[in-house]
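Novice: Residue numbers (the numbering used here): 6 to 178.
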Amino acid sequence: MAYVIGVDCGTSGTKTVLFREDGTVMASATVEYPMYQPKNGYAEQDPADWKAAMIRTIQIVVTKSGVAKEEIKGIGISGQMHGLVMLDKENQVLRKSIIWCDSRAVGIGAEALESIGREFCLEHTLNSPGNFTASKLAWVKRNEPEIFAKIHKFMLPGDYIAYRLSGRMSTSV
Numbered sequence: 006m007a008y009v010i011g012v013d014c015g016t017s018g019t020k021t022v023l024f025r026e027d028g029t030v031m032a033s034a035t036v037e038y039p040m041y042q043p044k045n046g047y048a049e050q051d052p053a054d055w056k057a058a059m060i061r062t063i064q065i066v067v068t069k070s071g072v073a074k075e076e077i078k079g080i081g082i083s084g085q086m087h088g089l090v091m092l093d094k095e096n097q098v099l100r101k102s103i104i105w106c107d108s109r110a111v112g113i114g115a116e117a118l119e120s121i122g123r124e125f126c127l128e129h130t131l132n133s134p135g136n137f138t139a140s141k142l143a144w145v146k147r148n149e150p151e152i153f154a155k156i157h158k159f160m161l162p163g164d165y166i167a168y169r170l171s172g173r174m175s176t177s178v
């Protein structure tokens, strides 16, 4: 028998499910973590919390199910979108992640929309830049230049979790 694990790194916690190949749920677990709001409209999380929750929930579902590790044939990861995880040259996190529901960069997204053009955005991306990851990165450049100067790579939360699990950097299509 083959098994797979699904991991969802969400806003309130990480949810993990171990499935048998026919779709039967063998075990599930959730570990919650905090969201930090240092100012009104800010929303941040510590990527170390995501990593710890992922490891813990995987341990729980494997233990609860009694499935041998060798029978697990794959792990699928999904994660919150539009968050910003910044890494230095040693691939260490530079600051808490600015997550999707943070609104500090909305003005920067509006500037980008005007600069790029509303029609172009709608024709090519089907939405405006709004409060996406690039706006958050521009906010860091403007407001935390000492951190911006140390950025070697940046990624989305789900991609960061996949990197910490596999040791390989990639992104979702």
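Backbone N, C-alpha and C define an ideal beta-carbon position, used for all residues, glycine too.
Note that the structure is predicted; figures quoted are calculated from it, not measured.
What is the DSSP secondary structure of D54, counted as helix, strand or coil?
Specialist: Residue mapping note: residue 54 aligns to position 49 of the sequence shown, counting from 1. DSSP places D54 in helix when its eight states are reduced to three.
Novice: Going by Cα to Cα distance, which pick from Q42, M86, A73, Y38 is closest to A139?
Specialist: As a first step, residue 139 is located in the sequence shown; it is residue number 134 there, counting from the start. The option with the nearest alpha carbon to A139 is M86.
Novice: Between the beta-carbon of G114 and the beta-carbon of N136, is there less than 7 Å?
Specialist: Along the sequence shown, one-based indexing puts residue 114 at 109. Along the sequence shown, one-based indexing puts residue 136 at 131. In this structure, N136 lies closer than 7 Å to G114 by Cβ.
Novice: Can you list, in chain order, the stretches of the alpha helix (DSSP H) that have 4 or more residues and sit fully within the segment 94-156?
Specialist: Whole alpha helix (DSSP H) segments, 4+ residues: 111-121, 123-129, 138-148, 150-153.
Novice: Run through DSSP, which three-state label would K158 get?
Specialist: Locating residue 158 in the sequence shown gives position 153, where the first residue counts as 1. Strand, per DSSP.
Novice: On the three-pair Cβ rule with 8 Å, is the segment 69-87 touching the segment 147-163?
Specialist: Enough Cβ pairs lie closer than 8 Å, so yes.
Novice: I think I152 touches M91, with their Cβ atoms under 8 Å apart; what is that distance to the nearest whole Å?
Specialist: Residue numbering aside, residue 152 sits at position 147 when the sequence shown is read from its first letter. Residue numbering aside, residue 91 sits at position 86 when the sequence shown is read from its first letter. So it is a contact: roughly 7 Å between Cβ atoms.
Novice: When the Cβ atoms of the segment 59-71 are set against those of the segment 105-112, are three or more pairs found closer than 8 Å?
Specialist: Short answer: they don't touch.
Novice: Decide yes or no for the touch test of the segment 29-44 against the segment 64-72: beta carbon pairs closer than 8 Å, at least 3 of them.
Specialist: Yes, the segment 29-44 touches the segment 64-72.
Novice: Considering only their Cβ atoms, is the gap separating E37 from G18 smaller than 7 Å?
Specialist: As a working note, residue 18 is residue 13 in the sequence shown. As a working note, residue 37 is residue 32 in the sequence shown. Contact: yes.
Novice: From Q97, V178, W105, pick the residue whose C-alpha is nearest to that of G172; which is it?
Specialist: Along the sequence shown, one-based indexing puts residue 172 at 167. With distances taken between Cα atoms, G172 lies closest to Q97.
Novice: Taking 7 Å as the cut-off, decide whether the C-beta atoms of S102 and P150 are in contact.
Specialist: The residue you call residue 102 lines up with position 97 of the sequence shown. The residue you call residue 150 lines up with position 145 of the sequence shown. The answer is no: Cβ separation not under 7 Å.
Novice: Taking a contact to mean a Cβ-Cβ separation below 7 Å, would you say E76 touches Y8 in this structure?
Specialist: Residue mapping note: residue 76 aligns to position 71 of the sequence shown, counting from 1. Residue mapping note: residue 8 aligns to position 3 of the sequence shown, counting from 1. Yes, they are a contact pair.
Novice: Whole angstroms are fine: how far does the CA of V12 sit from the CA of L26?
Specialist: By one-based count along the sequence shown, residue 26 stands at place 21. By one-based count along the sequence shown, residue 12 stands at place 7. Here residue 26 is Glu; the residue named in the question, Leu, does not match the sequence. Each residue's Cα considered, the two are about 16 Å apart.
Novice: Going by DSSP in three states, G15 sits in which element: helix, strand or coil?
Specialist: In the sequence shown, residue 15 corresponds to position 10, counting from 1. Of the three classes helix, strand and coil, the one that applies to G15 here is coil, per DSSP.
Novice: Within a Cβ cutoff of 8 Å, which residues of the same chain sit near R147, ignoring the five residues on either side of it in sequence?
Specialist: The residue given as residue 147 occupies position 142 in the sequence shown. Hits under 8 Å: I113.
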